[in-house]
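S.K.: One point on numbering: in the working numbering, the residue at position 26 of the sequence shown is 17, and numbering is uninterrupted.
The structure that follows is given in the form of structure tokens.
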Amino acid sequence: MWNKIGSTRFDWSKWETDTFYGPNAIGYRVVLSRNRWREITRFKHPVLAGHQNQLRKCLLDPEVIRVSTKDSSVHLYYSRQGRDYICVVVGGGDREDHFVVTAYFTREIKKGAELWTK
């Protein structure tokens, strides 16, 4: 079944139930479920539709990973995308697995303790 979001078409039937990225720069893997990606691109940040590869690259090879100032179990992954950054917000699961909470484009890297830098 094809789903049209703006001018981007994505074939949801080809997406596995859960997609795992990692282990990443700080040693754990990140889970992005099909339903979470759909929620992000349909309701929260539709501008991300069609940018799954950039999200994947950001998780596997980020420029910076910071700890959220609001919740120390949340990590913010940043990767440059032209003049902006893609930020992937990753929440804590267990010690080895975490999950994508949301993702968005931003002009600046947010404050927070640096966990990792390229």
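Cβ atoms here follow ideal geometry from the backbone N, Cα and C, with glycine treated the same way.
Should LEU50 and VAL91 be called a contact, given that it needs their Cβ atoms to be closer than 9 angstroms?
M.R.: Yes.
S.K.: Any idea what DSSP makes of GLU54, helix, strand or coil?
M.R.: Coil, per DSSP.
S.K.: Would you identify the three-state DSSP class for ARG27, choosing helix, strand or coil?
M.R.: DSSP places ARG27 in helix when its eight states are reduced to three.
S.K.: Within the continuous beta strand (DSSP E) that includes HIS66, where are the two ends?
M.R.: Per DSSP, HIS66 belongs to the beta strand (DSSP E) from 66 to 72.
S.K.: By how many angstroms is the C-alpha of ILE56 removed from the C-alpha of VAL22?
M.R.: Approximately 17 angstroms between the Cα atoms of the pair.
S.K.: Relative to the C-alpha of GLU99, which residue among PRO14, ASP62, GLU54, LYS48 is closest?
M.R.: Of PRO14, ASP62, GLU54, LYS48, the residue nearest in Cα terms is GLU54.
S.K.: Going by Cα to Cα distance, which pick from TYR76, LYS61, ARG20, VAL65 is closest to GLN45?
M.R.: Nearest C-alpha to GLN45: TYR76.
S.K.: Within 10 Å of its beta-carbon, does ALA104 have 16 or more other beta-carbons around it, so buried, or fewer, so exposed?
M.R.: Exposed.
S.K.: Expressed to the nearest angstrom, what Euclidean distance is found between the alpha-carbon atoms of THR(-1) and GLU30?
M.R.: Here the model assigns THR(-1) a pLDDT of 42, short of 50, so the residue's position is not dependable, and the following value carries that caveat. Approximately 15 angstroms, taken between the alpha carbons.
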